[in-house]
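Input: a single structure, listed below in structure tokens.
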Amino acid sequence: MTQSAAQTHRPSAGGSSIPEEMLRSMLLALSRRRSLGRLATAVPLSRPMVARFVAGQELSAALAAIGTLRDRGFATTLDVLGESVASATAARMAGDRYIETLDALADRGLERNVSLKLTQMGLDVDEGLCLETVGRIAARAQELGAFVRIDMEQHTKTDATLRVLRQVRGINPDTGVVIQAALRRSESDVEALIAEGCSVRLCKGAYKEPASLAFVDRAEVDENYGRLMERLLVAGTRPALATHDARLIGRAVDIAKRNGIARDAYEFQMLYGVRRDLQERLLGAGYRVRVYVPYGAEWYPYFMRRLAERPANVAFLLRSLARDPSLRRR
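Using this note's numbering, the letters of the sequence shown map in sequence onto residues 46 to 375.
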């Protein structure tokens with residue numbers, strides 16, 4: 046990467062005097078407030094604000110967004126938003142939506158790659174129900190030649206997530222998982238997954254976890270990310286590096302060059318609407334970039350976590366409100 050691509054900065058959230066970590070904690074707490082989520086999705090004001098980060102509420106909108114990204118040269122993964130269902134009926138309905146999504150991707154000739162959360166598949170209701178639901182998706186994915194990635198959630202779900210992953214890989218070996226660099230246990234999890242030949246998407250982690258189980262200091266998280274990233278690049282199976290941190294991306298490029306790792310042996314993954322400038326630079330430099338494209342009516346928790354991850358996202362939204370005359374008239 047060029048020096049300009051490796052530069053990064055952390056602007057304040059629209060000039061706010063709120064400390065960054067306090068702002069992050071507030072936003073993560075708000076992401077769990079279901080009542081606020083219901084209000085946010087009902088208020089027209091909120092809809093233009095989330096359009097940068099969510100491809101739409103309907104599948105048709107998401108398919109159009111993926112088609113546009115494909116035409117520009119990006120790889121994609123599609124996420125049907127939703128989490129923490131409370132009934133078997135809701136879990137099975139979520140599974141049906143994913144199968145519908147896979148079928149639609151295949152019908153349109155789009156890349157058949159999806160990401161899902163186990164709490165959306167009934168993990169909090171019953172692990173057996175969750176396995177049944179994800180198993181149906183994995184079986185259909187295998188029929189269509191599709192790839193399924195299981196997202197990681199709070200630390201309380203990690204063991205169950207890995208149990209379900211390993212059973213689902215018995216149905217469809219082309220199933221991957223996400224590992225969070227913030228968790229102290231992730232080094233051993235990565236080593237086990239490397240040995241199993243499982244594709245890992247490495248992210249920093251979007252949840253506030255106890256210090257006994259997770260690195261709290263951002264520099265420590267970054268350092269652990271770097272260590273795990275190197276292990277995955279050198280020994281992993283199709284590693285996916287999910288970060289918008291240009292410094293870590295530059296480090297990954299250096300590791301790959303030193304070890305003679307081909308550019309098509311790994312990929313960078315970034316969120317829809319986040320650091321689009323960096324996405325374009327990496328793509329233009331010949332690297333594989335996959336965009337994580339979420340869609341659906343249940344966008345509120347996802348949206349709030351995106352704000353929490355990067356204060357610049359808050360600043361962007363505040364500037365959008367100030368500039369957009371249609372929003373000011375509401």
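Just so you know, even glycine gets a beta-carbon here, dropped at the ideal spot from N, CA and C.
None of the values given here were measured: they were computed from a predicted structure.
Practice task
Whole angstroms is fine: what's the gap from A133's alpha carbon to L174's?
Solution key: Position 88 of the sequence shown holds residue 133. Position 129 of the sequence shown holds residue 174. Cα-Cα distance, rounded: 7 Å.
Practice task
Report the partner residues of C248 according to the DSSP bridge assignment.
Solution key: For the purposes of this step, residue 248 is identified with residue 203 of the sequence shown, where counting begins at 1. Looking at the DSSP assignment, C248 forms a beta bridge with Q225.
Practice task
Mind the definition here: the stretch 97 to 104 touches the stretch 314 to 324 only if three or more C-beta pairs lie below 8 Å; say whether that holds.
Solution key: yes
Handout entry: Top-ranked residue by Cα proximity to E156, from T113, D290, G167, D169
Key = What you label residue 156 is simply residue 111 of the sequence shown in a count that begins at 1. Ranking the options by Cα distance to E156, first place goes to T113.
Exercise for the section: For Q314, name the three-state secondary structure that DSSP assigns. Expected result: Indexing the sequence shown from 1 puts residue 314 at position 269. Three-state DSSP puts Q314 in a strand.
Problem - Whole-number beta carbon distance between C243 and R272, since they are thought to touch under 8 Å - result: By 1-based counting over the sequence shown, the position of residue 272 is 227. By 1-based counting over the sequence shown, the position of residue 243 is 198. Between C243 and R272 the Cβ distance is about 19 Å, and since that is not below 8 Å, they are no contact.
Problem - Ranges of the beta strand (DSSP E) found wholly within the stretch 151 to 228, counting only runs of at least 3 - result: The stretch 151 to 228 contains these whole beta strand (DSSP E) runs: 158 to 161, 192 to 195, 220 to 225.
Exercise for the section: Give the DSSP bridge partners of D124, in chain order. Expected result: For the purposes of this step, residue 124 is taken as residue 79 along the sequence shown, with counting starting at 1. Per DSSP, S160, P339.
Practice task
For the alpha helix (DSSP H) holding S110, just list the boundary residues, first then last.
Solution key: Residue 110 sits at position 65 when you count from the first residue of the sequence shown. Residue identity check: residue 110 is Ala in the sequence provided, not Ser. Residues 104 to 117.
Practice task
Taking all protein chains shown into account, decide if P339 is buried (16 or more other Cβ within 10 angstroms of its Cβ) or exposed.
Solution key: Working through the sequence shown from its first residue, we reach residue 339 at position 294. Classification of P339: buried, given that the 10 Å Cβ count is 16 or more.
Practice task
Express the C-alpha separation of V334 and Q324 in angstroms, rounding to a whole number.
Solution key: As a working note, residue 324 is residue 279 in the sequence shown. As a working note, residue 334 is residue 289 in the sequence shown. In a straight line, the C-alpha of Q324 is about 7 Å away from that of V334.
Practice task
Mind reading off the beta-carbon distance from I139 to G127? Whole number of angstroms is fine, and I expect it under 8 Å.
Solution key: To locate residue 139, count along the sequence shown from 1; it is residue 94. To locate residue 127, count along the sequence shown from 1; it is residue 82. According to the sequence as given, residue 139 is Ala; it is not Ile. The pair is a contact, with the Cβ atoms about 6 Å apart (cut-off 8 Å).
Problem - Nearest to L247 (by Cα), restricted to the options P255, K253, I216, H289 - result: Walking along the sequence shown from the start, residue 247 turns up at place 202. Checking every option, the nearest Cα to that of L247 belongs to H289.
Practice task
Answer yes if the stretch 205 to 222 comes into contact with the stretch 253 to 264, meaning at least three C-beta pairs across the two stretches below 8 Å, and no otherwise.
Solution key: no
Practice task
Entirely within the stretch 246 to 331 and at least 3 residues each: give me those beta strand (DSSP E) ranges in chain order.
Solution key: 285 to 287, 312 to 316
Practice task
Just tell me which of E254, G295, E241 has its CA closest to the CA of Q225.
Solution key: Within the sequence shown, residue 225 is the residue found at index 180, counting from 1. Among E254, G295, E241, the Cα nearest to that of Q225 belongs to E254.
Handout entry: From A120, Q165, F119, A184, residue whose alpha carbon lies closest to that of L147
Key = Taking the first residue of the sequence shown as 1, we reach residue 147 at position 102. Cα-wise, what sits closest to L147 is A184.
Problem - Residues of its chain near A131, where Cβ-Cβ distance is below 8 Å and the 5 sequence neighbours each way are ignored - result: Within the sequence shown, the letter at position 86 stands for residue 131. Contacts found: D169, V170.
Handout entry: Limits of the unbroken alpha helix (DSSP H) element including A131
Key = Numbered from its first residue, the sequence shown carries residue 131 at position 86. Unbroken run through A131: none, as it is neither H nor E.
Problem - Y311 to A135 span [Cα, whole Å] - result: Taking the sequence shown and counting its residues from 1, the one referred to as residue 311 is at position 266. Taking the sequence shown and counting its residues from 1, the one referred to as residue 135 is at position 90. Straight-line Cα distance between these residues: approximately 35 Å.
Practice task
Can you give me the start and stop residues for the alpha helix (DSSP H) that V99 sits inside?
Solution key: In the sequence shown, residue 99 corresponds to position 54, counting from 1. Taken as a continuous stretch (DSSP letters only), V99 belongs to no alpha helix (DSSP H), as it is neither H nor E.
Exercise for the section: For V334, write down the residues that DSSP places opposite it in a beta bridge. Expected result: Within the sequence shown, the letter at position 289 stands for residue 334. Looking at the DSSP assignment, V334 forms a beta bridge with F313.
Exercise for the section: On a CA-only basis, which of Y252, E145, T220, A251 is nearest L238? Give me that one, please. Expected result: Residue mapping note: residue 238 aligns to position 193 of the sequence shown, counting from 1. It is T220 whose Cα lies nearest to the Cα of L238.
Problem - Closest residue to G329 among K302, G118, L104, A110 (Cα-Cα distance) - result: Taking the sequence shown and counting its residues from 1, the one referred to as residue 329 is at position 284. Considering only alpha carbons, the answer is G118.
Handout entry: Buried or exposed by the 16-neighbour rule on C-beta atoms within 10 Å, applied to G167
Key = Your numbering for residue 167 matches position 122 in the sequence shown. Its Cβ being crowded by 16 or more others within 10 Å, G167 is buried.
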